[in-house]
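Residue numbers (my numbering): 744 to 1338.
Cβ atoms here follow ideal geometry from the backbone N, Cα and C, with glycine treated the same way.
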Ligand SMILES: [Zn+2]
């Protein structure tokens, strides 16, 4: 069932949700003139292309074309439907809203609403926390104090306990009238042999939130040695391990202000690090650093320090970090804790200063890889062995560069770095790299995944041009609507995307002749259509003399309009949007602004 909210409620929520704050939770925004700019999360962005306009309350990416208001940003970012985004922001702003009605929706009937899932997770979070204070959790409290975790940290990190009896959460959920389907969809319970049983049994529970503080999943550590040491929530619409970092919500501000982030492997490593004042530490959830992680971190940090478990960090881990560094164009450094200790144990034993020293001694990933590589050729420290190491090193850089779309300046920096490390002059490294890149390019096309380009068909010819001009003018000079509405109706527009844009625009301006663009966007549900509207607004604001332009456009509209008075209005189609997997449009997005 899809939710439907009334327009007044939607406007209220939009006004209570500052777009700079909401977008700022998902990426680091930097002030640029009257706007804020950051790395776009909707395409593979290497230079900041996403502009947020605080006055207009809209965003626009000049590379991929994504644009809209605060609702559309969340729809695209968190894969929500329009009503789900409304619900989510209402919750965030603390506004109580009731859906006006629910309408059946064929394509969403079976889908779990992410907001519902977050609610059931938040409930379970409280349940686990409450159980930690129970008599039966004495052994857990002992474990936590053994690990040096303070009661403040227990509060701050929502540490909890999943009871040992195996069906307590399921029973509590029943008492709280929580839908069984949601409970199982969240991976909190499972129906087995007719009985509903808990998924987490006698485990220390870590609550995993997203960057906005929403509970998206859990990690449970065994306390009796039964089963795996750690069990995580299954993948759901909210939770995907390869795109989640434990502690990012808590660490976000420290990462943003210091420009660097430290990545460790365990929950307790993060908690203890924060306890010792290292507030920019996050953890991967049982995976190594993925491209998704690096992409996410890059929106807040300039450099990443990865702490490898010194026992296992080998060539493979170094390769992975190097690839990410080149593909995401972010500085990655590598550090390891001595004697195979994890950061948690090390901090407790050696203290904050010693840990700070380890961080300060982190090595650039290129150097790290080179050292590991030399180590692997150790038995053969001959000229031939060294040459083989150099070849392998350059090959791995070429492979990583291939997918990284690296510009000339970055490339020059990388080559100089390599020259310094391996002691070969930059020119010959450059020549070797070129040879390998040429060979690689012949066999491999550009890696285009994750490229979404919002590009609509806005029609051709003079009639379509007149339609575009009218919308562009109204989006920038809404007071002219009185003149327009006497001469033109939305159904007169024959380009589907423009007709839909006109409909939203006319509906909004009919109520309020001064309505800003954010109001227009609030009655648009599809991100594709909002992107069209924002791009028309952009195109219009570079023009002037709106009154004269409008007169010309209306005259052209009347002249080129097909005489279809006797024909039925063509059936309204879904916007003809082509999400093409093609490179972002040419031109330097950095010379463009939105105001
Ligand atoms: Zn973009």
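Presumed contact (8 Å Cβ cut-off) between residue i and residue j, rounded CB distance
{"i": "residue 903", "j": "residue 875", "result": "5 Å"}
{"i": "residue 1087", "j": "residue 998", "result": "20 Å between Cβ atoms; not a contact."}
{"i": "residue 1137", "j": "residue 1158", "result": "Residue 1137 to residue 1158, Cβ: 10 Å. No contact."}
{"i": "residue 1356", "j": "residue 1073", "result": "Outside the displayed span of the chain (744 to 1338) sits residue 1356, for which this structure offers no information."}
{"i": "residue 1164", "j": "residue 1109", "result": "6 Å"}
{"i": "residue 1351", "j": "residue 1091", "result": "Because the chain is modelled from 744 through 1338, residue 1351 falls outside the range shown and cannot be assessed."}
{"i": "residue 768", "j": "residue 954", "result": "6 Å"}
Option in the options with minimal Cα separation from residue i
{"i": "residue 1296", "options": "1160, 1227 and 1088", "result": "1227"}
{"i": "residue 910", "options": "890, 945 and 920", "result": "945"}
{"i": "residue 949", "options": "983, 990, 979 and 1006", "result": "990"}
{"i": "residue 1290", "options": "1254, 1126 and 1224", "result": "1224"}
{"i": "residue 1270", "options": "1136, 1179 and 828", "result": "828"}
{"i": "residue 1153", "options": "1070, 1204 and 1130", "result": "1070"}
{"i": "residue 830", "options": "1093, 757 and 869", "result": "757"}
{"i": "residue 1046", "options": "1076, 973, 1304 and 1000", "result": "1076"}
{"i": "residue 825", "options": "862, 804, 807 and 753", "result": "753"}
{"i": "residue 776", "options": "1234, 798, 1268 and 1021", "result": "798"}
{"i": "residue 1257", "options": "1114, 1217 and 1266", "result": "1217"}
{"i": "residue 1094", "options": "1017, 894 and 1112", "result": "1017"}
{"i": "residue 749", "options": "860, 1207 and 842", "result": "842"}
{"i": "residue 956", "options": "862, 759, 1294 and 871", "result": "862"}
{"i": "residue 1134", "options": "1102, 1300, 1174 and 871", "result": "1174"}
{"i": "residue 1286", "options": "1215, 759 and 969", "result": "1215"}
{"i": "residue 1266", "options": "1248, 1299, 1080 and 1279", "result": "1248"}
{"i": "residue 1283", "options": "1253, 1219 and 1117", "result": "1219"}
{"i": "residue 1344", "options": "773, 1078, 1065 and 835", "result": "The structure shown does not extend to residue 1344, since the chain is modelled only from 744 through 1338, so no value can be given for it."}
{"i": "residue 980", "options": "1106, 905, 751 and 857", "result": "857"}
{"i": "residue 1035", "options": "1068, 1200 and 1204", "result": "1068"}
{"i": "residue 1113", "options": "1020, 1235 and 1132", "result": "1132"}
{"i": "residue 1305", "options": "1237, 1288, 1272 and 1264", "result": "1237"}
{"i": "residue 1002", "options": "1044, 877 and 1127", "result": "1044"}
Close Cβ partners of residue i (< 8 Å) along its chain, the five nearest in sequence each way excluded
{"i": "residue 932", "result": "912, 913, 916, 923, 926, 939, 940, 941 and 942"}
{"i": "residue 1316", "result": "Only weak support exists for where residue 1316 lies, its pLDDT of 36 falling under 50; the value from the coordinates is given anyway. Taken in chain order, the residues that qualify are 1239."}
{"i": "residue 1063", "result": "1031 and 1032"}
{"i": "residue 967", "result": "907 and 945"}
{"i": "residue 1213", "result": "1227, 1231, 1245, 1293, 1296, 1297 and 1300"}
{"i": "residue 921", "result": "863 and 866"}
{"i": "residue 817", "result": "765, 823, 828, 831 and 832"}
{"i": "residue 973", "result": "962, 963, 964, 965 and 1029"}
Close Cβ partners of residue i (< 7 Å) along its chain, the five nearest in sequence each way excluded
{"i": "residue 977", "result": "930"}
{"i": "residue 1168", "result": "1162"}
{"i": "residue 800", "result": "762, 812, 813 and 1261"}
{"i": "residue 934", "result": "927"}
{"i": "residue 819", "result": "785, 809 and 1270"}
{"i": "residue 1025", "result": "988, 989, 990, 991, 994, 1004, 1006 and 1013"}
{"i": "residue 1022", "result": "994 and 997"}
{"i": "residue 1141", "result": "1176, 1179, 1180 and 1183"}
{"i": "residue 1080", "result": "1050, 1053, 1086, 1089 and 1101"}
Buried versus exposed call for residue i [16 or more other C-beta atoms within 10 Å across all chains shown]
{"i": "residue 952", "result": "buried"}
{"i": "residue 747", "result": "exposed"}
{"i": "residue 1193", "result": "Per-residue confidence for residue 1193 stands at a pLDDT of 37, beneath the threshold of 50, marking its modelled position as unreliable; no derived number is given."}
{"i": "residue 788", "result": "buried"}
{"i": "residue 1210", "result": "buried"}
{"i": "residue 1190", "result": "Reliability of the predicted coordinates at residue 1190 is poor, the pLDDT of 33 falling under 50, and the value obtained from them is presented with this limitation in mind. Flag for residue 1190 reads exposed."}
{"i": "residue 778", "result": "buried"}
{"i": "residue 1242", "result": "buried"}
{"i": "residue 1329", "result": "Legend: pLDDT at residue 1329 = 32, less than 50; position of this residue unreliable, value from coordinates given subsequently. When all chains shown are included, residue 1329 counts as exposed."}
{"i": "residue 1011", "result": "buried"}
{"i": "residue 1202", "result": "buried"}
{"i": "residue 1118", "result": "exposed"}
{"i": "residue 1340", "result": "Because the chain spans 744 through 1338 in this model, residue 1340 falls outside it and cannot be assessed."}
{"i": "residue 1139", "result": "buried"}
{"i": "residue 899", "result": "exposed"}
{"i": "residue 1082", "result": "exposed"}
{"i": "residue 1008", "result": "buried"}
Cut-off 6 Å between Cβ atoms - residues of its own chain near residue i, not counting five sequence neighbours on either side
{"i": "residue 1276", "result": "1244"}
{"i": "residue 984", "result": "1028 and 1030"}
{"i": "residue 1042", "result": "770, 771 and 782"}
{"i": "residue 960", "result": "951, 976 and 982"}
{"i": "residue 868", "result": "901, 950 and 958"}
{"i": "residue 792", "result": "783, 804, 805, 806 and 1332"}
{"i": "residue 1206", "result": "1303"}
{"i": "residue 1104", "result": "none"}
- prompt: Counting only runs that start and end within the region 1054 to 1133, where is the beta strand (DSSP E) found for 3 or more residues in a row?
  reply: 1074 to 1079
- prompt: In chain order, which alpha helix (DSSP H) runs of at least 4 residues are fully inside the region 952 to 1010?
  reply: 991 to 1001
message: Extract the residue ranges of the alpha helix (DSSP H) inside the region 908 to 944, only unbroken runs of 4 or more that lie entirely within it.
response: 911 to 918 and 923 to 928
field: Within the region 1196 to 1272, ranges of the alpha helix (DSSP H) (whole runs, at least 4 residues)
entry: 1204 to 1219, 1224 to 1230, 1239 to 1254 and 1260 to 1265
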